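Contents: one structure, followed by commentary.
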Amino acid sequence: MQILKQDIQYLPGVGPQRKKMLSEELGIATYGDLLEYYPYKHIDRSRLYPISELTGDMPFVQVKGRILSFETFKMSSRKERVVAHFTDGSGRIMDLTWFNYGKSAIKKYKVGTEYIVFGKPAVFNNRIQVVHPDMEPADSLELSTMNMLPYYHTSEKMKKSGMNSRAIERLTRVLIDAVKEPVAETLPDFIVQKLHLISRDEALRWIHYPPDAKALEKARVRLKFEELFFVQLNILRYASDQRRKYRGFVFGHVGDVFNDFYHHHLPFPLTEAQKRVIREIRKDMGSGRQMNRLLQGDVGSGKTLVALMTMLIAIDNGYQACIMAPTEILAEQHLQTIMHFLGDMPVRVALLTGIVKGRRRQEVLDGLLDGTIHILIGTHAVIEDTVQFARLGFVVVDEQHRFGVAQRAKLWGKGQPTGGAGGGYPHVLVMTATPIPRTLAMTLYGDLDVSVIDELPPGRKPVVTQHFYDSRVPSLYNGLRKQINQGRQVYCVFPLIEESEKIDLKNLEEGFEVLTQVFPEFHLSKVHGKMKPADKEREMQRFVSGETQMLVATTVIEVGVNVPNASVMVIFDAQRFGLSQLHQLRGRVGRGADQSYCLLVTPFKLAEETRKRIDIMCETNDGFRIAEADLKLRGPGDLEGTQQSGMAFDLKIADIARDGQLVQMARDEAQLIVDEDPTCTSDKYRILWNRLRELRKTNINWAAIS
Ligand code: ADP
Ligand code: MG
5 MQILKQDIQY LPGVGPQRKK MLSEELGIAT YGDLLEYYPY KHIDRSRLYP ISELTGDMPF
65 VQVKGRILSF ETFKMSSRKE RVVAHFTDGS GRIMDLTWFN YGKSAIKKYK VGTEYIVFGK
125 PAVFNNRIQV VHPDMEPADS LELSTMNMLP YYHTSEKMKK SGMNSRAIER LTRVLIDAVK
185 EPVAETLPDF IVQKLHLISR DEALRWIHYP PDAKALEKAR VRLKFEELFF VQLNILRYAS
245 DQRRKYRGFV FGHVGDVFND FYHHHLPFPL TEAQKRVIRE IRKDMGSGRQ MNRLLQGDVG
305 SGKTLVALMT MLIAIDNGYQ ACIMAPTEIL AEQHLQTIMH FLGDMPVRVA LLTGIVKGRR
365 RQEVLDGLLD GTIHILIGTH AVIEDTVQFA RLGFVVVDEQ HRFGVAQRAK LWGKGQPTGG
425 AGGGYPHVLV MTATPIPRTL AMTLYGDLDV SVIDELPPGR KPVVTQHFYD SRVPSLYNGL
485 RKQINQGRQV YCVFPLIEES EKIDLKNLEE GFEVLTQVFP EFHLSKVHGK MKPADKEREM
545 QRFVSGETQM LVATTVIEVG VNVPNASVMV IFDAQRFGLS QLHQLRGRVG RGADQSYCLL
605 VTPFKLAEET RKRIDIMCET NDGFRIAEAD LKLRGPGDLE GTQQSGMAFD LKIADIARDG
665 QLVQMARDEA QLIVDEDPTC TSDKYRILWN RLRELRKTNI NWAAIS
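Just so we're aligned: 125 in the numbering used here is position 121 of the sequence shown, and the numbers increase by one with no gaps anywhere.
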């Protein structure tokens, strides 16, 4: 299909200037690019509305009528507004308004000529008006052939120079006529047949100009499937490749360290879910394949213990293990938790973060190199080049959504292959407390096997979540006082948004002032990200030890902090947090045996979407439901981690949140093919491997996992 590679400049109606605009603003350089520049919606243009039926709520309408007269209003010395009074004989007059280019509108459109006006109606001064309408002489349009008119996004800059949706539409019309030969198929025939898909050629034409709504739907399904299919094929190809390249160390036995811990140090029985997950991990470790497993479990489900026990298996087999956490506070807390669990067991644990410096740091580095340190816990400091292990065999990445695929690989890459029969690479366990909807997990972490802890330790009462308007904060204070007087502790969180750290710190400072005045009888701690680590640590410690009853903080406490005696989480300006963040914060309470509360404080006036977020929080504690809702509300592009994930994510047409079924179908088909052709080289599927290679060249995101 040479024509699809043709420079867009040669398309009638383009030329050098538009070529520049198209390529700079929309990334369209060839005929093929334009063909794959899909409209975001279609509007049925076979229908005309009478002006008398128009309301301000209608999205877009089409009206046929005549201009009665023009009127010009001075707005300032330089600006004027031009209004055309427009009638269709239905008894009501509509205003067409231009704030820019009014003069040229007067020149271009004639009083008395019949036009078809197209635009979004609004109500202004009790009259229907359309601002900057799209108008064509009525005799130039054949409405019956315009059933479904495509709409294309264009940038502000393009609109200013007349390259609006209509202009693109004209180009796609010319393009589709110019592409005379059928566009080549990219999927094997048997898939097209089996799934009753339409051909790629038909889909690409219909996605722009469908004969009817049903055809449009068919085109969308075909193109979405194809897009998702190649994403899945790429992930599975990558996973298969990794599997062949990287054998895993074989941890053949469970020994003294694990058994000693299990029989003498485990402070409580494991939940069934923890047992199951440990079994899954053990199986991977003995398989000879490198484990790449994602461990999902809601906050408080006991992932740390699972990580520790599986690290002990690595130690039993003569290897070292390492945990990488996203923040210093969390790394330190892991250290404390793990040391506490281990008690007097002869397992040496060390901490490495940015603040471990000088001699202490050197000691850690030496201990790793001579193998006397068994478990290293740290922040991303552990992936620095100076950190080297004697025998790294097992790597745990906590709260993965903050690390990317590349960082993961850099860490496990520190386990040198030893060659020979026992040779291999370290196993990798990725832990996340952000539940990820299945379809997203398949795409984001599609190269990982998944284990889920779907059970909380016994005795936990679900956190009760309530919404408070600002005006009711005084009654909220009374509740806090009651809790603290019963010996509980309280978190108060204020938002911190990076672009305006100063203002928000002011929020925190002011909030802290107010709370100090409201609760003179209590001790308060204050923690935020701009504090020196040592100060932060000291304040946190005061709260952990119970010396202070209230911790006033920004979201630095979001991840992992564990104070079972804290029973209330107050989130001020909750409207400024995302759903998963709110859920993470809520997970800080409900860790002890007492009833816990999460109180969301917002102003009275809330945007529709914000109100939905708050409602979902009040309705459910189920992290998976919240993740699904989050995905639907925000779309995958905004989800934390999708940018760094290293997976293809600028999907053109498919939507991970809404097209779950297609994701699954694409996954299944791709899996069958990779199972049959694990080296991804067979001639039978040549068409697919070639296409994949082509796609990976065009999309920077794809390259990250090639
Ligand atoms: P998360 O999955 O959020 O990392 P943690 O590992 O921090 O959860 O565990 C939360 C709390 O539950 C900790 O205090 C931990 O000691 C405790 N815990 C873990 N497993 C169990 C269990 N099987 N029974 C009782 N408590 C447990
Ligand atoms: Mg944790």
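Yeah, the Cβ is synthetic: ideal placement off N, Cα and C, and Gly gets one too. In this text, all values refer to a predicted model and were calculated from it rather than measured experimentally.
With a cut-off of 8 angstroms on the beta carbons, I'd call residue i and residue j a contact; round off their distance for me.
i    : j    : result
V399 : P430 : 5 angstroms
F90  : G69  : 5 angstroms
K688 : D681 : 7 angstroms
V667 : L232 : 5 angstroms
S94  : S56  : 4 angstroms
E332 : G358 : 7 angstroms
V300 : V401 : The identity of residue 300 in the sequence shown is Gln, whereas the question assumes Val. Contact doesn't hold; Cβ gap of about 13 angstroms is too wide.
L610 : Q579 : 6 angstroms
G382 : L356 : 4 angstroms
N726 : Q490 : Because the chain here runs from 5 to 710, residue 726 falls outside it and cannot be looked at.
L201 : L39  : Not quite, the Cβ-Cβ distance comes to about 18 angstroms (not below 8 angstroms), so this is no contact.
A126 : G60  : 5 angstroms
R2   : Q294 : Any property of residue 2 remains undetermined from this structure, which presents the chain solely from 5 to 710.
H378 : V353 : 7 angstroms
Sorry if obvious, but does the Cβ on residue i come closer than 8 angstroms to a heavy atom of the ligand ADP?
i    : result
A437 : yes
V303 : yes
R595 : yes
N238 : no
T275 : yes
Q579 : no
T308 : yes
F272 : yes
G341 : In the sequence on display, residue 341 carries Thr and not Gly. It does: the Cβ of T341 is within 8 angstroms (strictly closer) of some heavy atom of the ligand ADP.
Q278 : yes
I333 : no
P63  : no
G347 : no
P466 : no
Skipping 5 residues on each side, what residues in its chain have a beta carbon closer than 8 angstroms to that of residue i?
i    : result
E613 : L637
V258 : R286, I317 and D320
Near residue i, what residues of its chain come up, given a Cβ to Cβ distance below 6 angstroms and the 5 sequence neighbours on each side ignored?
i    : result
L30  : none
S600 : V467, S571, V593 and G594
T101 : V87, Q133 and V135
R96  : I55 and S56
R617 : L583
F393 : Q324, L372 and K418
Assign residue i to one of two classes, buried (16 or more other C-beta atoms within 10 Å of its C-beta) or exposed (fewer than that).
i    : result
C622 : exposed
D619 : exposed
A652 : Because A652 sits at a pLDDT of 41, beneath the cut-off of 50, its placement in the model cannot be relied upon, and the following sentence gives the value as read from the coordinates. Answer is buried; the Cβ neighbour count reaches 16.
V18  : buried
E503 : For E503, the predicted structure reports a pLDDT of 49, less than 50, and the residue's modelled location is therefore unreliable. The matter cannot be settled from this model.
A538 : exposed
M573 : buried
D181 : exposed
L444 : buried
G515 : buried
L588 : Strictly speaking, residue 588 in this sequence is Gln, with Leu absent from that position. With 16 or more other Cβ atoms within 10 Å, it is buried.
N296 : buried
M435 : buried
P214 : buried
E403 : buried
F103 : exposed
D634 : buried
G627 : buried
Whose C-beta lies closer than 7 angstroms to the C-beta of residue i among residues of the same chain, with five residues either side of it excluded?
i    : result
L316 : V261, F262 and F265
A207 : A223, R226 and L227
E673 : I195 and F233
G423 : The pLDDT assigned to G423 is 41, lower than 50, so where the model puts this residue is not dependable; a value taken from the coordinates is nonetheless given after this. Closer than 7 angstroms at the Cβ level, and outside the excluded window around G423, lies no residue.
S549 : none
Beta carbon of residue i: closer than 8 angstroms to some heavy atom of the ligand SAM?
i    : result
I327 : Absent from the structure shown: the ligand SAM. Ligands present: the ligand ADP and the ligand MG.
Counting only beta-carbon atoms, is residue i nearer than 9 angstroms to chain B?
i    : result
L145 : This model lacks chain B altogether, as it is built from one protein chain only.
Every unbroken alpha helix (DSSP H) inside the segment 15 to 100 [4 residues or more]: You should have 19 to 30 and 35 to 39.
Runs of 4 residues minimum, wholly inside the segment 585 to 640: which ones carry the alpha helix (DSSP H) assignment? 612 to 623 and 627 to 638
Mind listing, in chain order, the continuous beta strand (DSSP E) runs of no fewer than 3 residues lying wholly within the segment 481 to 568? Within the segment 481 to 568, the complete beta strand (DSSP E) runs of at least 3 residues are 493 to 497, 528 to 531 and 554 to 557.
Fully enclosed by the segment 133 to 186, which beta strand (DSSP E) runs are 3 residues long or longer? 138 to 141 and 152 to 155
Write down every uninterrupted run of the beta strand (DSSP E) in the segment 221 to 266 whose length is 3 residues or greater and which is fully enclosed by it, in chain order. none
Which full runs of the alpha helix (DSSP H) of 4+ residues lie inside the segment 429 to 470, going along the chain? 442 to 448
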